[in-house]
Amino acid sequence: MAAALKVPLSIIRHRCVRRSSATVRTICSLSTFTFQASSLYLRPQRYVRHISASVNEEASARLAADSAESGGPTIFDKIISKEIPSSIVYEDDKVLAFRDINPQAPVHVLVIPKVRDGLTQLGKAQTRHAEILGQLLYASKVVADKEGIADGYRVVINNGPSACQSVYHLHLHVLGGRQMKWPPG
Ligand code: 5GP
Numbered sequence: 001m002a003a004a005l006k007v008p009l010s011i012i013r014h015r016c017v018r019r020s021s022a023t024v025r026t027i028c029s030l031s032t033f034t035f036q037a038s039s040l041y042l043r044p045q046r047y048v049r050h051i052s053a054s055v056n057e058e059a060s061a062r063l064a065a066d067s068a069e070s071g072g073p074t075i076f077d078k079i080i081s082k083e084i085p086s087s088i089v090y091e092d093d094k095v096l097a098f099r100d101i102n103p104q105a106p107v108h109v110l111v112i113p114k115v116r117d118g119l120t121q122l123g124k125a126q127t128r129h130a131e132i133l134g135q136l137l138y139a140s141k142v143v144a145d146k147e148g149i150a151d152g153y154r155v156v157i158n159n160g161p162s163a164c165q166s167v168y169h170l171h172l173h174v175l176g177g178r179q180m181k182w183p184p185g
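Residue 93 in full-length UniProt numbering sits at position 93 of the sequence shown, and the numbers go up by one each step.
Quick look at the structure:
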C-alpha cells in the first residue's frame, strides 16, 4: 500500500502550493481512481481532509519561511505594540504571553520576547540570546502555573518550514488542559 500511495501523495503536495483545497480534493479523487489505493479508496473523505489541511499548512509554512529572510516585522510586533489586540496572560519587561488565536488545546498560550534581536527562530540563536531564552522558558512555567495546568503541559517551539513554523518571531507554545499524546504530529 505504501508504494501505491507514494505517487499520488507526491503529486498532491507538488500541485497544492498554488491551488485551493477544492483542487486538492479533485486531484485526490483522480489519484484514487487511477491507483485504486485500497485505504484511500475505502476512506477517501478522511484522507482528503487530512491531506488537504496538512498540505495547506506546509505550503503556508514554506511561504512564511521565504518572506522571513527579509527580517521584516511580523504580526507579533503589532501584538507587542498593542496595535492588534490579544488576550494577555503574562507580561514583564522582556516577555509577553498571550492566547493563541487558533488554540490547539484548552490552554494554548504563546510566549515571545518583546525584542526580537535576530531571533526569528530558535535556529538563529547566538550566545547573547541565552538569557532571554531562559527567561522565555521560565515565563512558560509561570504561565502554566497561572493557567492551572502545572500537572501536565507541553512547551513547543516550531523551528523552520519542516516544523511548520508560520511566524518568524521566536515563540514558545504552552499547551495544556487536555491529555497530550506522544509522538506529536
Ligand atoms: P507557529 O506555527 O509559527 O509555530 O505558530 C504561530 C502561531 O501564531 C500559530 O499557532 C497561530 O495560531 C498564532 N497566531 C498567528 N497570528 C496570530 C494573531 O494575530 N494573534 C494571535 N493571538 N495568535 C496568532
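The beta carbon of each residue, even a glycine, is placed where N, CA and C say it ideally should be. Keep in mind that this is a model prediction, so the values were computed, not measured.
Close-in-space but distant-in-sequence residues of the same chain around residue i (CB under 6 Å, 5 per side omitted)
i      : result
Ile88  : Phe98
Ser86  : Ile79, Phe98
Leu30  : Low per-residue confidence applies at Leu30: pLDDT is 31, beneath 50, and the placement is therefore not dependable enough to give any value.
Arg116 : His169
Asn56  : none
Proximity of residue i and residue j at Cβ, strictly below 9 Å
i           : j      : result
residue 216 : Gln179 : This structure cannot settle anything about residue 216, because the visible part of the chain is limited to 1 through 185.
Leu136      : Leu172 : yes
Pro184      : Val156 : yes
Val174      : Val95  : no
Pro113      : Ile132 : yes
His169      : Asp92  : no
Gln165      : Ala59  : no
Arg154      : Gly176 : yes
Residue i: CB within 8 Å of a non-hydrogen atom of the ligand 5GP
i      : result
Gln179 : no
Asn56  : no
Leu122 : no
Arg99  : yes
Ile79  : yes
Gln126 : no
Ser86  : yes
Gly115 : Checking the sequence, you will find Val at residue 115 rather than Gly. Not under cutoff, so the answer is no.
Val167 : yes
Ala144 : no
Gln104 : yes
Ile132 : no
Ala139 : no
His129 : no
Ala65  : no
Ile75  : yes
Leu96  : no
Ala68  : no
Ala59  : no
Leu110 : yes
Own chain residues within Cβ distance below 7 Å of residue i, not counting five before or after
i      : result
Lys146 : Val89, Tyr90
Asp66  : none
Gly160 : Ala65, Gln121, Gly123
Val111 : Val95, Ala97, Leu136, Ala139, Ser140, Val143, His171, Leu172, Val174
Gln104 : Leu175
Gly71  : Thr120
Cβ shell of residue i (< 8 Å), same chain only, five flanking positions each side left out
i      : result
Arg18  : Residue placement at Arg18 is poorly supported in this model, since its pLDDT is 34, which falls under 50; the coordinates are not used for a value here.
Gln126 : Gly118
Val167 : Ala64, Thr74, Ile75, Phe76
Which runs of the alpha helix (DSSP H) at least 4 residues long sit entirely within the UniProt domain "HIT" (75-185)? Give them in chain order. 75-80, 130-146
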